[in-house]
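A.B. asks:
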Amino acid sequence: MTSLPEGVQWIPVSLHADARGELAAFDRSNLPFEPVRIFVITDVPNGATRGGHVISCDEFFWIRLGRCRLSICTGGFRTSLLLDDPKRGVVVPAGSFLELTDFAPDTILTVMAPQPYAPGSPRRPPRLPPRRNQPLPAADPSRRFAGQRTDIDLAIARVFESGTFILGPECAAFEDEFADYLGVRHAVGVGSGTQALSFALAALGVGAGDEVITVSLTFAATALAIEATGAKPIFVDVDRGSRCIDVAALEAAITPSTAAVIPVHLHGFPAAMPEIMKIATRHGLAVVEDCAQSHGAALGPRRTGSFGQAAAFSFYPTKNLGAAGDGGAVVTNDPSVAERVRRLRNYGMDADRICVGPGINGRLDEVQAAILRVLLPRLDEDNATRRVLAGQYRSKLKDAMLELPPHCDGAVYHQFAVALDQRDAVRRCLIETHGVESAIHYARPVHQHPHFFRTDLSLPVTEQFAARLLSLPIQGEIAAGRVDYIANALVESIAACRS
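Here's what the structure looks like:
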């Protein structure tokens, strides 16, 4: 069962059918109020949104035919409900912000209220502080799952009914759908984003004795995946403006041993792929994009993941497209690369289950694939919400004593990371005084981790960002309706730490 915000409740509706037709009755026996106003919503154009305001009294929503999605922001909680069952309706309490979207053709939606229509309700989400004694989290994938719980439950049930749990129809269908979404020919589901990187490199022939150039302002998995192939990671600095790989530093680091480059699309901002591809082509290097944070990001008409010889995606739960566990994918336009990755993820076996080369158990399971199939069609909408929230942050923080993230129309804001002085003190003030959690990506750059530490390597821009970046809540289910509160809390925390 989906956990509902306080005051939101499902109400059973009794339908009585016989040869004369069907009857549904509503009164105080099944409604918490006496209906005074009743209106019916029909013929909603494709893609249109209804609502988009704060309701002044309790309202009851009942779907007679078709389906639509009801998004609610109330009591410090945001959720999304699928209305598709005429045997129940939902009551939403006064003061809630709501939107109706995703109307199916021929939908008939009835709305009832205990008061006449009151114009002038604000057409924006309420500005909600965190609940008392409950911090506002930096991220919470369970809230996203809650909004899609009905569809997710059906998808999981479909897997159990099929009896196939590994490399079955759900994984194959997700691979096709994800490849189509990205505009590439092949996607291969694997066990994690780390495996996706190492499989992609190995499938491109990278191995012992090779060097792979990447950045240090990333999660350690990027470098560990390089080591998993037997190759050596070579770290270069990031560009101050984009926070992604500095293309001049990339070219300067190329040696006769360089076999590949891994550009990281940090925080959902695309790296300078056209320039990177030109450098790689000029020097005969393979390019594997690290898209662990850039699901749906684009440069012009092309999505990240479609530029290099291969790309690696992670479906860790907090990602913009995240599963309910680990998962990943390698995408490519090269059928031979795709086939090698399929063998690598499944014990090196061919179609006849004969081991013909190296491999491990590194597969995307059917349950995670089924969940991802539910979430993929909603990815663009979720990314659009993140862009709206980022725009609100920019407006509120434009005069604050901090550095905003770079602006890029194709970014998907996996993180909204500001750079500021006294970062750690400000972060403590945010949570202790205002109840707002934040995150650090990443507190120590990879080249300063003990395993990768080198005394002769200095990456000044990377090191400055690692000491100053602070990620604010940007997930729609958390930040929507709360940007003003979070931004004001940040400004107050900065001032408190400077006094």
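The sequence shown begins at 40 in the numbering used here and counts up one residue at a time. Virtual Cβ for every residue (Gly too), placed ideally from N, Cα, C. No experiment lies behind these values; they were computed from the predicted model shown.
1) Looking at the secondary structure, which residues open and close the alpha helix (DSSP H) in which M151 lies?
2) Go through its chain and collect everything with a Cβ distance to G128's Cβ below 7 angstroms, but skip five positions before and after it.
3) For a minimum of 4 consecutive residues, which ranges assigned as the alpha helix (DSSP H) are wholly contained in the region 471 to 516?
4) Under the assumption that S231 contacts S353 (Cβ atoms under 8 angstroms), give the Cβ distance between them as a whole number of angstroms.
5) Can you tell me whether Y156 is buried or exposed, with buried defined as 16 or more other CB within 10 angstroms of its CB?
6) Candidates L120, T118, G134, F308: which alpha carbon is nearest N422's?
7) Cβ atoms of G105 and F54: under 9 angstroms apart, would you say?
8) Buried or exposed: where does M312 fall if 16 or more other Cβ atoms within 10 Å of its Cβ makes it buried?
9) Consult DSSP for N527 and reduce its assignment to one of helix, strand or coil.
10) Of the residues G366, R433, D438, which one's Cα is nearest the Cα of A534?
11) Report the residue ranges of all beta strand (DSSP E) runs contained in full by the region 248 to 333; include only those spanning at least 3 residues, in chain order.
12) In the DSSP output, what is F78 paired with across the bridge?
13) Which same chain residues end up closer than 7 angstroms to L443 when comparing Cβ atoms and leaving out the 5 residues on each side of it in sequence?
14) Considering only DSSP beta bridges, list what F99 is partnered with.
15) Identify the residues that DSSP records as bridge partners of P51: which are they?
16) Excluding sequence positions up to five away, which residues of its chain have a Cβ less than 6 angstroms from the Cβ of N372?
17) Can you tell me which of the three DSSP states D57 falls into?
18) Cβ of T261 within 9 angstroms of Cβ of G246?
19) Given R89, which residues of its chain have a CB within under 7 angstroms of its CB, disregarding the five upstream and five downstream residues?
20) Secondary structure at A63, three-state DSSP: helix, strand or coil?
21) Does DSSP put E562 in a helix, in a strand, or in coil?
22) Between H480 and the rest of its own chain, which residues show a CB-CB distance below 6 angstroms, the 5 nearest in sequence each way excluded?
23) Can you round the beta-carbon distance between G449 and L338 to whole angstroms, since I take them to be within the 8 angstroms contact cut?
24) Strictly by DSSP, which residues pair up with M388?
25) Given a cut-off of 9 angstroms, decide if A349 and V380 are closer than it, judged by their beta-carbon atoms.
26) Pair every Cβ in the region 488 to 507 with every Cβ in the region 193 to 207, then say whether three or more of these pairs are closer than 8 angstroms.
27) 9 angstroms is my cut-off, CB to CB: does R402 come that close to chain B?
28) With distances taken Cα to Cα, identify the nearest neighbour of F78 among M151, P71, A63.
29) How far does the beta strand (DSSP E) with G228 in it extend, from its first residue to its last?
30) Specify the secondary structure class of L232 as computed by DSSP and reduced to three states.
31) In whole angstroms, what separates the C-alpha of A185 from that of I293?
32) What residue range is occupied by the uninterrupted beta strand (DSSP E) comprising I205?
33) Please report how far the alpha carbon of L415 lies from the alpha carbon of R188, in whole angstroms.
34) What's the gap between the Cα of D123 and the Cα of Q48?
35) For P44, does the three-state DSSP call read helix, strand or coil?
36) My guess is that V303 and V254 are in contact by the Cβ rule of under 8 angstroms, so how many angstroms apart are they, rounded?
C.D. replies: Quick look at the numbers:
1) Annotation for M151: no alpha helix (DSSP H) segment contains it, though the beta strand (DSSP E) segment containing it runs 147 to 152.
2) Excluding positions up to five away in sequence, the list reads I50, V52, F99, F100, W101.
3) Listed in chain order, the complete alpha helix (DSSP H) runs (minimum 4 residues) inside the region 471 to 516 are 499 to 507.
4) Indeed they touch by this definition, with Cβ atoms about 7 angstroms apart.
5) Residue environment analysis places Y156 among the exposed positions, since fewer than 16 neighbouring C-beta atoms fall within 10 angstroms of its C-beta.
6) The residue from L120, T118, G134, F308 with its alpha-carbon nearest to that of N422 is F308.
7) As written in the sequence, residue 54 is Leu, which differs from the Phe given in the question. For the 9 angstroms CB-CB criterion, L54 and G105 do not form a contact.
8) That one is buried.
9) Note: N527 maps to helix in three-state DSSP.
10) Cα-wise, what sits closest to A534 is D438.
11) Listed in chain order, the beta strand (DSSP E) runs fully inside the region 248 to 333 are 250 to 254, 271 to 275, 297 to 300, 325 to 329, counting runs of at least 3 residues.
12) F78 has V150 as its beta-bridge partners, per DSSP.
13) The answer, listed in chain order, is R433, L436, V457.
14) F99 pairs with V130, M151.
15) DSSP lists R127 as partners of P51.
16) For N372, same chain residues with a beta-carbon under 6 angstroms away, outside a window of 5 residues either side, are V223, R224 in chain order.
17) DSSP places D57 in strand when its eight states are reduced to three.
18) Not in contact: T261 and G246 (Cβ atoms no closer than 9 angstroms).
19) The answer, listed in chain order, is I80, V83, L139.
20) Note: A63 maps to strand in three-state DSSP.
21) In this structure the chain extends from 40 to 538, so residue 562 is not present and cannot be described.
22) If we look at H480 and ignore the five residues flanking it on each side, its Cβ neighbours are Q454, S510.
23) Between G449 and L338, the beta carbon gap of about 6 angstroms places them in contact (Cβ cut-off 8 angstroms).
24) Per DSSP, C394.
25) Taking 9 angstroms as the Cβ cut-off, V380 and A349 qualify as a contacting pair.
26) The region 488 to 507 is not in contact with the region 193 to 207.
27) Looking at the structure shown, chain B is missing, and only one protein chain is on hand.
28) Comparing Cα-Cα distances from F78 to each of M151, P71, A63, the minimum goes to M151.
29) For G228, the enclosing beta strand (DSSP E) covers residues 225 to 229.
30) As written in the sequence, residue 232 is Gly, which differs from the Leu given in the question. Residue state, collapsed to three classes: helix.
31) Using only the alpha carbons, I get a separation of about 47 angstroms.
32) Note, I205: premise wrong, no beta strand (DSSP E); not H, not E.
33) Whole-angstrom Cα-Cα distance: 14 angstroms.
34) Rounded to the nearest whole angstrom, the CA to CA distance from D123 to Q48 is 15 angstroms.
35) Looking at P44 - three-state DSSP - the assignment turns out to be coil, as it is neither helix nor strand.
36) With a contact defined as Cβ atoms closer than 8 angstroms, V303 and V254 qualify at about 5 angstroms.
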